[in-house]
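Encoded as structure tokens, the structure appears first; notes follow it.
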Amino acid sequence: MIEGRDFQKLRKNYMKSKSLFYTLMLLVPTLLWSQKSESWILTSGEAKAILTGSLVLDTRSRSVFYREHISGSRSVSWEEFSVSELPHKGNLLPLDVLKKKLEAYGIRNDQPVLVISETKNNWGEDGRIVWMLRSLGHHNAFLVDGGYSALKQLGAPVSNQGEPKQIGSFKIQLDSNLNATSSEVRSNLKNKRYVFLDTREEREFKGETPYGEARGGHIPGAKHLYYKVLLNEDGILLPSEKISEKIKELGISRDSIVVSYCTGGIRSAWVTTVLRNEGFNAKNYAGSMWEWSSGNEKEYPLTLK
Numbered sequence: 002m003i004e005g006r007d008f009q010k011l012r013k014n015y016m017k018s019k020s021l022f023y024t025l026m027l028l029v030p031t032l033l034w035s036q037k038s039e040s041w042i043l044t045s046g047e048a049k050a051i052l053t054g055s056l057v058l059d060t061r062s063r064s065v066f067y068r069e070h071i072s073g074s075r076s077v078s079w080e081e082f083s084v085s086e087l088p089h090k091g092n093l094l095p096l097d098v099l100k101k102k103l104e105a106y107g108i109r110n111d112q113p114v115l116v117i118s119e120t121k122n123n124w125g126e127d128g129r130i131v132w133m134l135r136s137l138g139h140h141n142a143f144l145v146d147g148g149y150s151a152l153k154q155l156g157a158p159v160s161n162q163g164e165p166k167q168i169g170s171f172k173i174q175l176d177s178n179l180n181a182t183s184s185e186v187r188s189n190l191k192n193k194r195y196v197f198l199d200t201r202e203e204r205e206f207k208g209e210t211p212y213g214e215a216r217g218g219h220i221p222g223a224k225h226l227y228y229k230v231l232l233n234e235d236g237i238l239l240p241s242e243k244i245s246e247k248i249k250e251l252g253i254s255r256d257s258i259v260v261s262y263c264t265g266g267i268r269s270a271w272v273t274t275v276l277r278n279e280g281f282n283a284k285n286y287a288g289s290m291w292e293w294s295s296g297n298e299k300e301y302p303l304t305l306k
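Rendered as structure tokens:
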């Protein structure tokens, strides 16, 4: 019998032998998917190879989804898993509520989840869902690079029929290493190992509040990296070396603890997904500016500098 550690070795070297990897994956899916994947992102080709047997979550708008979608996929939105009222808007709902909602979508611990979007025109919703699932203990939730369009272009079957009704069974195992709280941010504002990464537009970083923040500005000392600079004009991720280069230009190293934030933890969750895929120690601050800016200025400082 092949031991789990052997599968981990295969996963790390699968770029060298994809055909063998996917053959094994089809033969022994339960054993393979019980192992934690260090990769958070799959190419459209890799995703298509495991489409059969995976659960596909589509984060595009429901109106677009019902016009055409990957056959068997489910339509989801980040809002249904998140607090909707200020001051904690953007944070995840209580764990018992999340469990019920995720199981209603058919989520299982032993089945890979492929999360897609329309990558040219989105806010990083696919990354938010992947980050949420990973932080709740689903080890094999993946963002599909290029999203829906890339899968369709490769010949993935599409449909305009209704969604399948499938109840899952999901055991939550919270990974606190992926989620930064406001308390953690406050406690580490002067910790040189922590890097706070503002993933919003430059105008937001400089103080504009177009999305209902109580105060403008950015967390003192934060670096600015608008999330879309990590994509090319076709909505495909830049090559790994280019992404790492942009991150290192900000003074971020492999030893850094990177806490990304935006307005409500969506764009920042996408960046966290990308950084984790590149091997960085990254966390998402889900409450982000909606939560931070609602606090008093002394305890939750913001700056325009």
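The sequence shown lines up with residues 2 to 306 when you count with my numbering. The beta carbon of each residue, even a glycine, is placed where N, CA and C say it ideally should be.
Excluding the 5 residues preceding and the 5 following residue i in the sequence, name in chain order all residues of the same chain whose CB lies nearer than 8 Å to its CB.
i	result
V84	K90, G91, N92, L93, L94
I71	L52, V57, D59, I117, Y149, L152, K153, A157, P158, V159, S160
E81	K102
P165	G73, R75, G107
What residue from the options has the CA that sits closest to residue i's CA?
i	options	result
T328	A50, S45, S78	The structure shown does not extend to residue 328, since the chain spans only 2 to 306, so no value can be given for it.
L198	W124, G54, Q174, T264	T264
R109	G236, L226, S55	S55
K100	L137, F281, D146, K299	L137
I42	G217, F82, I130	I130
R204	S245, L305, L232	L305
D176	G163, E202, P165, H140	H140
G218	L232, E202, L231, G236	E202
T120	L238, L303, P88	L238
I244	V196, E279, N178	E279
K229	L115, A270, K207	A270
G169	M133, E209, V114	V114
Please report how far the alpha carbon of residue i lies from the alpha carbon of residue j, in whole angstroms.
i	j	result
G73	V272	28 Å
T200	R277	15 Å
I248	A223	13 Å
T24	R135	Summary for T24: the model assigns pLDDT 41, below 50, so the residue's position carries little reliability; its value from the coordinates is reported in the next sentence. The alpha-carbon atoms of T24 and R135 are separated by roughly 25 Å.
E39	G125	20 Å
K299	K193	20 Å
R233	E242	Note that residue 233 corresponds to Asn in the displayed sequence, not to Arg. Using only the alpha carbons, I get a separation of about 14 Å.
V186	L155	42 Å
P240	A181	27 Å
Let me know if residue i comes out buried or exposed under the rule of 16 or more other beta-carbons within 10 Å of its beta-carbon.
i	result
L96	exposed
A287	buried
L49	Strictly speaking, residue 49 in this sequence is Lys, with Leu absent from that position. K49 comes out buried.
N123	buried
G128	buried
D146	buried
S188	exposed
For residue i, which residues from the same chain have a beta carbon less than 7 Å from its beta carbon, with the 5 sequence-adjacent residues on both sides left out?
i	result
A283	V259, S261, T273, L276, R277
Comparing the CB of residue i with every heavy atom of the ligand MN, is any distance shorter than 7 Å?
i	result
V159	Absence of the ligand MN from the depicted structure is noted, as is the absence of any ligand whatsoever, leaving it without description.
Report the CB separation of residue i from residue j in whole angstroms; it is logged as a contact under 8 Å.
i	j	result
P221	L190	6 Å
A215	S289	About 12 Å; that fails the 8 Å criterion.
Using C-beta distances below 6 Å, list every residue in its chain close to residue i, excluding the 5 sequence neighbours before and after it, in chain order.
i	result
H225	D199, F206
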